[in-house]
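The structure under discussion appears below in the form of structure tokens.
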Amino acid sequence: MLDIAVVLVAVMLCIALILNLWRLIIGPHVVDRILALDTMYINSIALILLYGIYNQTPLYFEAALLIAMLGFVSSVAFGKYLLRGDIIE
Amino acid sequence: MSFTVELIISAFLILGGLFVLVGSIGLIRLQDFYVRLHAPTKATTLGLGCVLIASIVYMYHIQGYASINELLITLFLVITAPVTAHILAKVAMHHRVKVMQRTRNQHLIETARMQLPPENDNKKQDQDN
């Protein structure tokens, strides 16, 4: 049962990633694109955790943690750059 | 692995996948940036929380002990998602992103952009004084 559930959730996450990519392409404003990129980071964390469950290994948690931190920092850096014209003042 | 544990893990996984999918559909379908901001910050974070709970249960069953890494990811995500949403909303406000027509209290946008208190409150305070 777990095999079927893992494959099903992987398909759901891939559809979600494609929808985010669509918003990243058509986004009318730059802020929409940043939001879509941030959502793609979160979805890829979920996909990596799912891959860890699929392979029965706890090896991928560090990768998920790294992607979480880098995603947050990059989103805030984009936001600060658009807001102030500079990242570190 | 017993049937009950497998059922719990599968239920959390499918719930998480559904929430993530709902967040992305909201990102596509909603009309306005400020409305669109709600879908990924709430639904997607909840979905990832469900996936992380499933992962914690599964790894506890595989290894025999619960590791703290997943809890760290959960904590980090719950802290950072509102911060990102706040900064993006602020950027959209200062870049004058188009607001949906039937948004209420649109006259407050200009004073919020100048970081002043709302005009109505000032008038009310003047009347009180």
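Chains as they are written, first to last, in our numbering: chain R, 7 to 95; chain W, 11 to 139. Idealized CB from N, CA, C, for every residue including glycine.
Whole-number beta carbon distance between residue 107(W) and residue 37(R), since they are thought to touch under 8 Å: For this step, residue 37(R) is matched to residue 31 along the first sequence. For this step, residue 107(W) is matched to residue 97 along the second sequence. Cβ-Cβ separation between residue 37(R) and residue 107(W): approximately 6 Å, consistent with a contact (criterion under 8 Å).
CB contact flag (residue 70(R), residue 31(W), <8 Å): Within the first sequence, residue 70(R) is the residue found at index 64, counting from 1. Within the second sequence, residue 31(W) is the residue found at index 21, counting from 1. 8 Å or more divides the Cβ of residue 70(R) from the Cβ of residue 31(W).
Whole-Å CB distance - residue 54(W) paired with residue 74(W), under 8 Å assumed: Taking the first residue of the second sequence as position 1, residue 54(W) is located at position 44. Taking the first residue of the second sequence as position 1, residue 74(W) is located at position 64. The beta-carbon distance between residue 54(W) and residue 74(W), rounded to whole angstroms, is 31 Å. This is too long to meet the 8 Å contact definition.
8 Å Cβ cutoff, residue 93(R) in contact with chain W: Reading the first sequence from its first residue, position 87 is the one you call residue 93(R). Residue 93(R) does not count as touching chain W.
Rounded C-alpha distance that separates residue 72(W) from residue 50(R): Taking the second sequence and counting its residues from 1, one reaches residue 72(W) at position 62. Taking the first sequence and counting its residues from 1, one reaches residue 50(R) at position 44. Each residue's CA atom was taken as its position, placing residue 72(W) and residue 50(R) some 23 Å apart.
Alpha carbon of residue 43(R) to alpha carbon of residue 13(W), nearest angstrom: Taking the first residue of the first sequence as 1, we reach residue 43(R) at position 37. Taking the first residue of the second sequence as 1, we reach residue 13(W) at position 3. Their backbone Cα atoms lie some 38 Å apart in a straight line.
Chain R within 8 Å of residue 16(W), Cβ atoms only: Within the second sequence, the letter at position 6 stands for residue 16(W). At least one chain R Cβ lies under 8 Å of residue 16(W).
Within 9 Å of chain R by C-beta, residues of the region 71 to 88 of chain W in sequence order: Taking 9 Å as the Cβ-Cβ cut-off against chain R, the residues of the region 71 to 88 of chain W that qualify are 72, 73, 77, 79, 80, 82, 83, 86 and 87.
Against chain R: residues of the region 100 to 118 of chain W by CB proximity under 9 Å: Correct list: 100, 101, 102, 104, 105, 107 and 108.
Residues within the region 21 to 51 of chain R neighbouring chain W, beta-carbon criterion of under 7 Å: Under the 7 Å Cβ criterion, the region 21 to 51 of chain R contributes 21, 22, 25, 26, 28, 29, 35, 37, 38, 40, 41, 42, 44, 45, 48, 49 and 51.
Where residue 100(W) sits in the DSSP three-state scheme: Within the second sequence, residue 100(W) is the residue found at index 90, counting from 1. In the structure shown, residue 100(W) sits in a helix (DSSP, three-state: H, G or I).
Residue 52(W) (DSSP reduced to helix, strand or coil): Position 42 of the second sequence, counting from 1, holds the residue named residue 52(W). It is helical.
Test: residue 123(W) CB closer than 8 Å to a CB of chain R: Looking up residue 123(W) in the second sequence gives position 113. It does not; no Cβ of chain R falls within 8 Å.
Stretch-stretch touch, CB-based, cutoff 8 Å, three pairs: the region 56 to 64 of chain W with the region 16 to 28 of chain W: Result yes; three or more Cβ-Cβ pairs closer than 8 Å.
Residues of its chain near residue 60(R), where Cβ-Cβ distance is below 7 Å and the 5 sequence neighbours each way are ignored: Translated into positions along the first sequence, residue 60(R) becomes position 54. Same-chain partners within the cutoff: 12.
Chain R residues whose Cβ lies nearer than 7 Å to that of residue 63(W): Numbered from its first residue, the second sequence carries residue 63(W) at position 53. What residue 63(W) touches in chain R: nothing, since even the nearest Cβ is about 11 Å away.
Whole-angstrom C-beta distance between residue 86(W) and residue 46(R), which should lie under 8 Å: Here residue 46(R) is taken as the residue at index 40 of the first sequence, counted from 1. Here residue 86(W) is taken as the residue at index 76 of the second sequence, counted from 1. Distance from residue 46(R) to residue 86(W) at the Cβ level is roughly 17 Å; contact not present, criterion being Cβ atoms closer than 8 Å.
Chain R contacts made by the region 29 to 54 of chain W, where a contact means CB separation under 8 Å: Here the close residues are 30, 31, 33, 34, 35, 37, 38, 43, 46, 47, 50 and 54.
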